[in-house]
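In the numbering used here, the protein residues as written are 301 to 769. Virtual Cβ for every residue (Gly too), placed ideally from N, Cα, C.
This is the structure in structure tokens:
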């Protein structure tokens, strides 16, 4: 009886909340229980809706994580979205702040590059750990999860989902008011939308693959490398990175061409793997056994940029996160961009109430240019991380920019800071970054720039070039 009364009270509260938000409670399905799907479900449930999340996979809380992950880098956009729904503090308990890059350049001592101003950091967090936490938080909010249930098709005009054990077997039909596709780069929901006239879609795989590896903790549980740094070993057209975990280990990732003289294809035995690491990453030689074991145990995964439009269908269906805009991971913004989708959706829900068609239309118009911009920035950042971070000219340019920004904070914000430590639209960050790069190309051509990089002459020239723009 008490349980019945409690459930009845929850329903009354949900109706009252929906009234305050000027929305009629809806029966909503979210396809995909990953980070975006789970967080969106929390937002929708707290807005007074009934929410069911479908996922073809088993409950991630009951299985070992797959070994296909790159640790996540939570930055300002992500934190803003988590804060809005009141779970920021819970997530910070399982994250580690990274204030700087640690550059492991071949043949040189480790050197460090601060990410931004003092106190600014990105936060390292395990994808598996965060996903489990998000599902817990969603369930505690009242979201219903249906794991091991594959969505094979959707009736777009009526928001009906069809699930079943196999694609050609018997299906169940679930009728909803709204459906959100959060099922990743190879979304089943988007797949159905692609069959409609005038739906634009493209995907582009890069020739670089990645493999998750692990640097274990010391025997006493401490980290073997500086735990508040993002470690990068740039090697031209390939690189190795490492991000810390709470247990003292580092989730590390090798980015390497699929084919070629130095490639995943060319490393076929443990002895070849050991020789590869000894040659290119000698400072992790003590972890050789664990790295080579992981090398052959974990899969080699591909990276894709996926773009599409429209992201919505009438007032019935919307794509969110990777299902609308998958990007390569080199800016650490994939999850942050997906979280920002949710933040913008929530703002539009508050603004337009029950007008879901208007909500969806505004959502896709606002987010599409920004998704395209961060896709471009992410692709460029691979070149920067793997090659330019070891280039003396590039490092000098960054030093000049940092010096100028410190003296003229209102006139120059580096593009990385615009992306990572602000909520400025990605499209603005890309456009302004391109203009700043044109200025810096002129500055770098100043005679004897190496000796007078911090001089008044250089500062005045940058101010002059800024005024022309």
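Residue range 529-534 is occupied by the beta strand (DSSP E) that includes residue 531.
Using a 10 angstroms sphere on the CB of residue 495, the tally of other CB atoms stays under 16, which defines it as exposed. As a beta-bridge residue in DSSP terms, residue 617 pairs with 479 and 613. A direct Cα-Cα distance of roughly 25 Å separates residue 395 from residue 344. Of the candidates 332, 676 and 574, 332 places its Cα closest to the Cα of residue 479.
The criterion of a C-beta distance shorter than 9 Å is not satisfied by residue 576 and residue 585. Given a length threshold of 4 residues, each whole run of the alpha helix (DSSP H) inside the segment 633-657 is given here in chain order: 634-652.
Within the same chain, Cβ atoms closer than 6 Å to the Cβ of residue 690 are found at 405 and 534, the five residues on either side in sequence being excluded. The Cβ neighbour count for residue 430, taken over all protein chains shown within 10 Å, is at least 16; the residue is labelled buried. By DSSP's assignment, residue 397 forms a beta bridge with 423. Counting only residues of its own chain and dropping the five nearest sequence neighbours on each side, residue 378 has a CB closer than 7 Å to the CB of 635, 636 and 639.
Considered as a whole, the segment 538-582 harbours 539-544 and 550-557 as its complete beta strand (DSSP E) runs of no fewer than 3 residues, in chain order. Residue nearest to residue 741 within the set 458, 708, 727 and 694 is 694 (criterion: CA-CA distance). Counted as a single uninterrupted DSSP element, the beta strand (DSSP E) harbouring residue 502 occupies residues 500-505. Per DSSP, the unbroken alpha helix (DSSP H) holding residue 749 starts and ends at 749-752.
The C-beta distance from residue 516 to residue 537 rounds to 28 Å, too long to meet the 8 Å contact threshold. Annotation: residue 614 to residue 625 spans about 19 Å, alpha carbon to alpha carbon. Our two residues, residue 747 and residue 738, have alpha carbons roughly 17 Å apart in a direct line. In summary, residue 682 is buried, with 16 or more beta-carbon neighbours lying within 10 Å of its beta-carbon over all protein chains present. For residue 515, the enclosing beta strand (DSSP E) starts and ends at 508-515.
Between residue 619 and residue 674, the gap from beta carbon to beta carbon reaches 9 Å or more. In its chain, beyond the 5 residues on either side, 648 have a beta carbon closer than 7 Å to the beta carbon of residue 662.
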